[in-house]
Amino acid sequence: MVVASVPSLPFDDRGLAYGDGLFETVLVRDGNAVLWEQHLSRLMLGCEVLDIPAPSRDQLDATLSRLGDGLQVLKLIYTRGSGGRGYAPPAKASPRLYWQATPFSPQQARWKQGVRIRLCHMSLARQPRLAGIKHMARLENVLARSEWHDPDIAEGLVTDGHGRVVEATAMNLFWLSSSQPMPCTPSLEHCGVLGTLRQVMLDAGELMIDELGVDELAGCQALWVGNSVQGLWPVVRLDDTEGRILGEWPITATHRHLQRLAHDHLGYPAI
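For the record, in the sequence shown the residue sitting at position 199 is 199 according to UniProt numbering, with numbers rising by one throughout.
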């Protein structure tokens with residue numbers, strides 16, 4: 001296996017050619033990876049689904065030993081390597097693990113003031129076999145994110161093509177409705193990414209799984225988008241695909257409560 005901190009992918013690497021690989025984006029504080037076990041669990045799941053030999057725990061932990069103090073984001077890229085003919089994978093894979101760490105500062109203004117988001121035209125194809133894992137073939141997310149250039153719009157929501165809201169382009173979605181006793185998040189059994197912040201909050205009993213239609217968004221009591229790097233952003237305005245306002249929410253104690261629970265898992269301050 002190749003392990004490198006400076007990416008130098010061969011032209012025939014299957015991750016480059018076909019998206020045949022996985023990645024993780026990890027918040028690291030003073031050399032300690034936040035939600036490391038959840039990230040490793042998702043990476044192992046991805047290896048199982050794609051039938052790629054998994055990297056060893058020692059190899060993955062070794063990337064952390066090279067990081068210094070402060071807040072950083074560690075990007076791991078794990079490809080099947082080279083080989084095979086066309087789409088056919090090689091009989092014996094020689095995976096490549098690449099990593100890079102960069103200094104990071106969360107967007108605290110979005111914690112405090114909330115964010116404006118929009119609906120995307122782009123929808124996600126249902127493919128249960130790939131649902132949940134963080135594979136490298138993310139063209140749907142790229143196309144969804146390319147739909148707007150307004151810096152005042154922080155995120156875009158995507159559906160599964162059946163009118164069910166799945167996630168944001170780079171974050172999971174959370175909501176509170178009058179019909180449920182606690183905040184909810186979509187199941188993601190057909191498509192979408194099983195976010196690590198989402199997972200730890202589900203495991204802690206702080207969320208429940210439900211479905212949400214596009215036509216139900218405006219009637220929610222509260223909306224949030226979040227991930228394990230940026231934390232949780234309260235949604236204060238939702239636009240449709242044409243920029244018309246679908247819903248607006250003042251930030252309340254309900255928003256702050258879920259945000260506090262999420263930030264406790266990440267080591268971020270309460271607002």
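We treat Cβ as the ideally placed atom computed from N, Cα and C, and that holds for glycine.
Please read all numbers here as calculations on a predicted model, not as lab measurements.
### Query
Quick one: what's got a C-beta closer than 8 Å to A204's C-beta in the same chain, skipping five residues either side?
Within the sequence shown, the letter at position 204 stands for residue 204. Cβ within range, chain order: L261 and H265.
### Query
E155 by DSSP, collapsed to three states: which one?
What you label residue 155 is simply residue 155 of the sequence shown in a count that begins at 1. Correct three-state label for E155: strand.
### Task
Using a threshold of 8 Å, state whether the C-beta atoms of I153 and R110 are closer than that.
Working through the sequence shown from its first residue, we reach residue 153 at position 153. Working through the sequence shown from its first residue, we reach residue 110 at position 110. Not a contact, by the Cβ cut-off of 8 Å.
### Query
When you compare only the Cα positions, how much space is there between Q113 and L232?
Indexing the sequence shown from 1 puts residue 113 at position 113. Indexing the sequence shown from 1 puts residue 232 at position 232. Going from the Cα of Q113 to the Cα of L232 covers about 12 Å.
### Pairwise C-alpha distance: G15 and Y78
To locate residue 78, count along the sequence shown from 1; it is residue 78. To locate residue 15, count along the sequence shown from 1; it is residue 15. So the alpha carbons of these two residues sit roughly 8 Å apart.
### Message
Does D58 come out as helix, strand or coil in the three-state DSSP assignment?
### Response
Position 58 of the sequence shown holds residue 58. Helix at D58.
### Query
So, using beta-carbon positions, are L124 and V166 closer together than 8 Å?
Along the sequence shown, one-based indexing puts residue 124 at 124. Along the sequence shown, one-based indexing puts residue 166 at 166. When the beta-carbon positions are compared, L124 and V166 come within less than 8 Å of each other.
### Message
For Q221 and S178, which I take to be in contact (beta-carbon distance under 8 Å), what is that distance rounded to the nearest angstrom?
### Response
Here the question's residue 221 lines up with position 221 in the sequence shown. Here the question's residue 178 lines up with position 178 in the sequence shown. Rounded to the nearest angstrom, the Cβ distance from Q221 to S178 is 6 Å, consistent with a contact under 8 Å.
#### Entry: Cβ distance (whole Å) where T196 is taken to contact L74 below 8 Å
Your numbering for residue 196 matches position 196 in the sequence shown. Your numbering for residue 74 matches position 74 in the sequence shown. The beta-carbon distance between T196 and L74, rounded to whole angstroms, is 13 Å. This is too long to meet the 8 Å contact definition.
### Message
Given 7 Å as the limit, tell me if P181 has its C-beta closer than that to any heavy atom belonging to the ligand MN.
### Response
As for the ligand MN, it is missing from this structure, which has no ligand bound.
### Query
Roughly how many angstroms separate the alpha carbons of E140 and Y98, rounded to a whole number?
As a position in the sequence shown, residue 140 is number 140, starting the count at 1. As a position in the sequence shown, residue 98 is number 98, starting the count at 1. In this structure, the straight-line span from the alpha carbon of E140 to that of Y98 is close to 23 Å.
### 8 Å CB neighbourhood of R57 in its chain, flanking five on each side removed
For the purposes of this step, residue 57 is taken as the residue at position 57 of the sequence shown. Only L40 meet the Cβ criterion.
### Task
Could you tell me whether the region 125-138 touches the region 81-98, using the rule of 3 or more Cβ pairs below 8 Å?
When Cβ pairs closer than 8 Å are counted between the two stretches, the region 125-138 is seen not to touch the region 81-98, the count staying below three.
#### Entry: Residue environment, Q259, which counts as buried when at least 16 other CB atoms sit within 10 Å
Position 259 of the sequence shown, counted from the first residue, corresponds to residue 259. With 16 or more other CB atoms across the displayed protein chains lying within 10 angstroms of its CB, Q259 is buried.
### Query
Among the residues of its own chain, which have a CB less than 7 Å from the CB of M44, if the five just before and after it don't count?
On the sequence shown, residue 44 is found 44 positions in, with the first residue counted as 1. Within the same chain, M44 has close Cβ partners A54.
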